[in-house]
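In terms of this note's numbering, the sequence shown opens at residue 261 and continues consecutively.
Just so it is clear, CB atoms sit at the ideal spot from N, CA and C, and this is done for glycine as well.
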Amino acid sequence: MPVVAPPAPPAAPTHRVAILALDGVTPLDLSIPAQIFNSRPETPYTTTVCGLGDTVATTGGFSLTTGGGLDQVPTADTVIVPGHEPGSRPQTELPDEVRDALRQAREQGSRMVSICTGAFVLAAAGLLDGLRATTHWLHIDELERSYPSLTIERDVLYVDEGDVLTSAGVCCGIDLCLHLVRRDLGAATANRIARGLVAAPHRDGGQAQYIPAPVTEAGPTSLSGTRDWALHHLDEPITLRMLARHAGVSPRTFMRRFSAETGTTPLQWLLNARLGKARELLETTDDSMEQVARACGIGTAANLRLHFRRSLNTTPTAYRRMFTH
261 MPVVAPPAPP
271 AAPTHRVAIL
281 ALDGVTPLDL
291 SIPAQIFNSR
301 PETPYTTTVC
311 GLGDTVATTG
321 GFSLTTGGGL
331 DQVPTADTVI
341 VPGHEPGSRP
351 QTELPDEVRD
361 ALRQAREQGS
371 RMVSICTGAF
381 VLAAAGLLDG
391 LRATTHWLHI
401 DELERSYPSL
411 TIERDVLYVD
421 EGDVLTSAGV
431 CCGIDLCLHL
441 VRRDLGAATA
451 NRIARGLVAA
461 PHRDGGQAQY
471 IPAPVTEAGP
481 TSLSGTRDWA
491 LHHLDEPITL
501 RMLARHAGVS
511 PRTFMRRFSA
521 ETGTTPLQWL
531 LNARLGKARE
541 LLETTDDSME
551 QVARACGIGT
561 AANLRLHFRR
571 SLNTTPTAYR
581 RMFTH
C-alpha cells in the first residue's frame, strides 16, 4: 500500500495592513510600518500604502506613489496612520472621505493604529473618544486641548486599548509595531524582525517616551555592554550590585544612568528581558515550565505563572498553546 503523506498544515490567513498616507506625512513614520509589516515567508502580512490620490507629498521634500486608494482602508485588518509635521498634519479639517473611510474601517472591526502625531487623525475621526491615547511629547498638550474626551498618557511609549493603539514620538512607532507582531505571531517572530532592523527586541509600552539620551553610543560611558552581558546571563541570579560592578560604577550612579538611557529601572528592564526569553522558549521549544523558568532566571514554574498572569494576563500554558503551530 502506498504511503500517503500527511496533509500540509493550513497557511495562516492573510492579514491586510493599510497605511493611510495623507499630504504632509513624515517619511520615517510611514517607513516604519512599511518595513515591519513587509511581506515575509514567515508572516501573513500584505501591506498597501493608501491615500487620497496617486501621489502623496511628504515633509521630506519629495512625493510618494501610493499603492491604493481610500477604498482599501475599510477592508484592511489593520489600519495605520503615520504622523505629520506641525502645520501640515490634518486635524479638525480632516477630509470627509478620509473620516468616513476610517470610521467604516473601525465599524467593520479593523484594528486602528497611529504613529506619533497620527493620533490627531484618529482623534479627528472620533475614534479615540473615551480612550487612553498618546502622541509625540512635543504635541501632547495640543492633543489634550483639542480633544478633551481623551485620557492622555504622557510618559509611555505606546498605549494599547485592544483594537485601538497609539504610539508616542517617531521611533516609538517601532516599539508599537513590534508589539503588534508579538501579539499576532509571538515573541520569536517579533524578535527575528527586530534583529533584522537592528532594533531592541522589546521595550515595554509603559516606559517614558522623553529620555534625555534616547540613543546611546557605545563607549566608556554607555551601559549597553552591561545590558548585553545581562541578556547572556538571564539564567543566573543578577542583582543591581552585580550590574553596577560590571559597569564599573556605584549602584546609585548605575541607577541614574540606566534610567537616563532606557527610561525604566534596571530591575524592571531585567524582568521584561526574562519574560521575553520565556515567551520565546515557550514558542520554540518543548521544555517543561520548570526548565523555561530556570533558563530565563525566574526560578520556578509557580513564579513563571505569577509573572505571566501579572504582565500578560494569561498563563504560560495558554501562551504556548496560542503560539504553537
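DSSP state of residue i mapped onto helix, strand, coil
i      : result
VAL333 : coil
ARG300 : coil
HIS567 : helix
VAL441 : helix
ILE412 : strand
VAL430 : coil
ALA385 : coil
CYS556 : coil
ASP360 : helix
GLY485 : helix
GLY446 : coil
GLY313 : coil
VAL394 : First, the residue type needs correcting, since residue 394 is Thr and not Val in the sequence shown. Three-state DSSP puts THR394 in coil, outside helix and strand.
THR319 : coil
THR338 : strand
THR306 : strand
TYR470 : Because the pLDDT at TYR470 is just 38, under 50, the model does not fix this residue reliably, and the value given afterwards should be weighed accordingly. Note: TYR470 maps to coil in three-state DSSP.
Top-ranked residue by Cα proximity to residue i, from the options
i      : options                           : result
ARG442 : THR308, SER370 and PHE297         : PHE297
ASP495 : ARG534, LEU527 and GLN528         : ARG534
ILE375 : VAL416, PRO526 and VAL430         : VAL430
SER482 : PHE514, THR525, LEU417 and LYS537 : PHE514
TYR418 : GLY390, THR395, SER409 and TYR579 : THR395
LYS537 : LEU527, PRO526, VAL552 and THR524 : VAL552
THR306 : ALA278, ILE292 and ASP331         : ALA278
GLU357 : THR318, LEU282 and HIS344         : LEU282
PRO301 : THR318, PRO273 and THR522         : PRO273
ASP607 : GLY321, PRO355, ARG371 and PHE322 : In this structure the chain extends from 261 to 585, so residue 607 is not present and cannot be described.
GLU550 : ASN563, THR544 and GLU543         : ASN563
THR560 : SER548, SER571 and LEU436         : SER548
LEU542 : TRP529, CYS556 and ILE292         : CYS556
ALA428 : LEU403, PRO408, THR544 and PRO287 : LEU403
CYS437 : PRO293, GLU353, ARG501 and ILE400 : PRO293
LEU290 : HIS344, VAL333 and GLN332         : HIS344
Residue i, buried or exposed, once every other Cβ within 10 Å from all chains shown has been counted against 16
i      : result
ARG581 : exposed
ALA444 : Before going further, note that residue 444 is Asp rather than Ala in the sequence given. Counting Cβ neighbours within 10 Å, ASP444 comes out buried, since at least 16 surround it.
ASN451 : buried
GLY479 : Any answer about GLY479 is weak, because its pLDDT of 44 lies below 50 and its placement is not dependable; what the coordinates show is given next. Result: exposed.
GLU367 : exposed
LEU566 : exposed
GLY378 : buried
ALA578 : exposed
GLY485 : exposed
GLY311 : buried
VAL475 : Note that VAL475 has pLDDT 34, beneath the 50 cutoff, so the model's placement of it is unreliable and the number below is only indicative. Label assigned to VAL475: exposed.
SER546 : According to the sequence provided, residue 546 is Asp. The question's Ser does not apply to it. Label assigned to ASP546: exposed.
Span of the alpha helix (DSSP H), counted from its first residue to its last, around residue i
i      : result
HIS344 : Looking at the DSSP string, HIS344 is not in any alpha helix (DSSP H), and its letter there is neither H nor E.
LEU403 : 400-406
LEU324 : Segment 323-325 is the beta strand (DSSP E) holding LEU324; no alpha helix (DSSP H) there.
SER548 : It is not in any alpha helix (DSSP H) - SER548 carries neither H nor E in the DSSP assignment.
ARG505 : 500-507
ASP283 : That residue, ASP283, is in no alpha helix (DSSP H); it is neither H nor E in DSSP.
GLU521 : 511-522
PRO576 : 576-583
8 Å contact criterion, which residue i and residue j should meet: CB distance rounded
i      : j      : result
ALA454 : GLU540 : Contact doesn't hold; Cβ gap of about 11 Å is too wide.
VAL588 : ILE340 : Shown here, the chain extends from 261 to 585; a query on residue 588 therefore has no answer.
PHE568 : PRO576 : 5 Å
LEU398 : LEU410 : So it is not a contact: roughly 17 Å between Cβ atoms.
GLY327 : VAL309 : 5 Å
THR325 : ARG276 : Not really, about 19 Å apart at Cβ, beyond 8 Å.
LEU387 : LEU362 : 6 Å
N- and C-terminal bounds of the beta strand (DSSP E) containing residue i
i      : result
VAL424 : 424-427
THR544 : First-last for THR544: 526-544, but that is the alpha helix (DSSP H), not the beta strand (DSSP E).
SER374 : 371-374
ASP420 : 418-420
Residue-chain proximity (residue i, chain B), Cβ-Cβ < 8 Å
i      : result
MET372 : Chain labels in this structure do not include chain B; a single protein chain is all it has.
Any non-hydrogen atom of the ligand MG within 7 Å of residue i CB
i      : result
VAL333 : Looking at this structure, you won't find the ligand MG or any other ligand, since it has none at all.
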